[in-house]
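Below is one structure; the comments refer to it alone.
Residue numbers (this note's numbering), protein chains in the order written: chain A, 1 to 242; chain B, 243 to 484.
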């Protein structure tokens, strides 16, 4: 079973205070770039993997989605998501993406935000999604970029010229990375970008777009902290279809 | 016009002494991984972009290729390549990949080793290759990995625990990078991995495999210097088809 860090009190409290938790999709700087990758959701059967507080599921319904199956491992997040809407065309279901079972060709579009980098058996999940999507259906997801995850001690270093530079090592060594973010001992699964793409291709998906997200000049002008995401990518957005 | 660093005496002398120049394909540690991506070359019309001393062109003929058009910008390298064989089914032609013109559907397979990262207008070259390849034809190429190219001052740093880590910055800032390798002022063109893949996809190619090359344990046992390519990838291998 995947680690359920979201239901530890410190993590949940910290996560609940993030801009993307309080303000929803518009609180995530990568949202405009993700949105540009999304197909028309009108009348689509949508799958949301790692739905969190349910912001995307509710938005998909405002875009005309016929139904959203929104999955998460965290009871805390599902409770909050359920409380936020009375929409009966959204089903919030507790499930572990590590051993998810889905009906064949049951969805027209699958979405996931920042969940797949917690998954150990990514190949199994990708095969499950391929079967669960109809022909021509798309999958759009974000993960932490492997450049951001790879190091045993990720962080910035200062060079002799005073410029900061990102410490990268252990890139080819895939597997668990334990970090301290909001809580101690958050376990993520590092995979190279090549492995992520080849896993999708080998399952039958066609790669449509790969975006190593970085902020726009306007975003940096509004929030100078984002500038570091031009130095090394923190987020990876991928769009594929079957 | 692309920089022709290969015809500067210092660079050419240094390059001529590299293992991959003296021993050919088997002197390049990434060759087994590239070879695993190649289609059957029997009776194929092969295009070799940045052919250097012609090792691949000659090998393709031993694999049964019907014809090889081998292109390079360097007179020095083409002279050496021409002198190495009397095979009339290999044509060595001097041309700049920046403004290459090729006949439509004239090739069944295109190959390039470590040349495309010198190209400024990669999108133009990719469109040219797409037109020059027949339906189902493959393109397999290697470039320096953007992780290796991105920094304004690429190199290793030593951390307080004595472990070395790769300095990464400026990843999202694409364009020229001037380095000193064999000669001063070698100009390479940094593009993110996302841009490289999206340029291929937007031209119509289907991505088949993306490999952020790293050495095998046997290769590291034979040459300990290769171990650093597990810390950060130096080479990127990409296979696509139209």
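The beta carbon of each residue, even a glycine, is placed where N, CA and C say it ideally should be.
Given residue i as reference, the closest of the options once Cα atoms are compared
i             : options                    : result
residue 382/B : 466/B, 403/B, 268/B, 352/B : 352/B
residue 106/A : 146/A, 122/A, 113/A, 129/A : 129/A
residue 183/B : 270/B, 248/B, 390/B, 430/B : Only positions 243 to 484 of chain B appear in the structure, and residue 183/B is not among them; the question remains open.
residue 178/A : 118/A, 197/A, 219/A, 142/A : 118/A
residue 384/B : 456/B, 472/B, 416/B, 484/B : 456/B
residue 461/B : 317/B, 321/B, 299/B, 272/B : 272/B
residue 482/B : 149/A, 22/A, 198/A, 184/A  : 198/A
residue 358/B : 270/B, 432/B, 380/B        : 432/B
residue 146/A : 121/A, 222/A, 193/A        : 193/A
residue 170/A : 163/A, 158/A, 153/A, 181/A : 153/A
residue 424/B : 476/B, 245/B, 477/B, 253/B : 253/B
residue 407/B : 144/A, 203/A, 157/A        : 157/A
residue 228/A : 155/A, 201/A, 242/A, 58/A  : 155/A
residue 85/A  : 58/A, 64/A, 70/A, 77/A     : 58/A
residue 365/B : 459/B, 277/B, 442/B        : 442/B
residue 306/B : 368/B, 320/B, 477/B, 284/B : 284/B
residue 92/A  : 216/A, 81/A, 230/A         : 81/A
residue 286/B : 303/B, 402/B, 343/B        : 303/B
residue 49/A  : 35/A, 211/A, 126/A, 224/A  : 126/A
residue 293/B : 464/B, 404/B, 418/B, 338/B : 338/B
residue 288/B : 354/B, 278/B, 452/B        : 354/B
residue 244/A : 99/A, 163/A, 88/A, 160/A   : This structure leaves residue 244/A out entirely; chain A is present only between 1 and 242.
Cutoff 9 Å: residue i Cβ touching any chain B Cβ
i             : result
residue 99/A  : no
residue 169/A : yes
residue 180/A : no
residue 233/A : yes
residue 135/A : no
residue 79/A  : no
residue 190/A : no
residue 206/A : yes
residue 230/A : yes
residue 144/A : no
residue 147/A : yes
Where residue i sits in the DSSP three-state scheme
i             : result
residue 209/A : strand
residue 202/A : helix
residue 309/B : strand
residue 111/A : strand
residue 435/B : helix
residue 508/B : Since the first and last residues shown for chain B are 243 and 484, residue 508/B lies out of range.
residue 376/B : strand
residue 11/A  : helix
residue 23/A  : coil
residue 121/A : coil
residue 320/B : helix
residue 393/B : coil
residue 32/A  : helix
residue 217/A : helix
residue 331/B : coil
residue 347/B : coil
residue 260/B : coil
Residues bridged to residue i [DSSP beta-bridge criterion]
i             : result
residue 72/A  : 94/A
residue 239/A : 140/A, 209/A
residue 430/B : 419/B
residue 410/B : 166/A
residue 37/A  : None; residue 37/A has no bridge partner.
residue 425/B : 423/B
residue 156/A : 166/A
Within-9 Å CB hit, residue i to chain A
i             : result
residue 467/B : no
residue 439/B : yes
residue 451/B : yes
residue 445/B : no
residue 408/B : yes
residue 414/B : yes
residue 429/B : no
residue 436/B : yes
residue 484/B : no
residue 405/B : yes
Within chain C, the residues that residue i reaches when beta carbons sit closer than 8 Å
i             : result
residue 159/A : Going by chain labels, chain C is absent from the structure shown, which instead holds the protein chains A and B.
Residue i Cβ short of 8 Å to the ligand NAD heavy atom set
i             : result
residue 256/B : Summarising the ligand content, the structure contains no ligands, and the ligand NAD is consequently not present.
(message) Using a Cβ-Cβ cutoff of 9 Å, what residues of the region 103–127 of chain A are near chain B? List them in chain order.
(response) none
(request) Check distances from the C-beta atoms of the region 288–317 of chain B to those of chain A and list, in chain order, the residues that come in under 9 Å. (result) none
(message) Tell me which residues of the region 3–30 of chain A have at least one Cβ-Cβ distance to chain B shorter than 8 Å, keeping chain order.
(response) none
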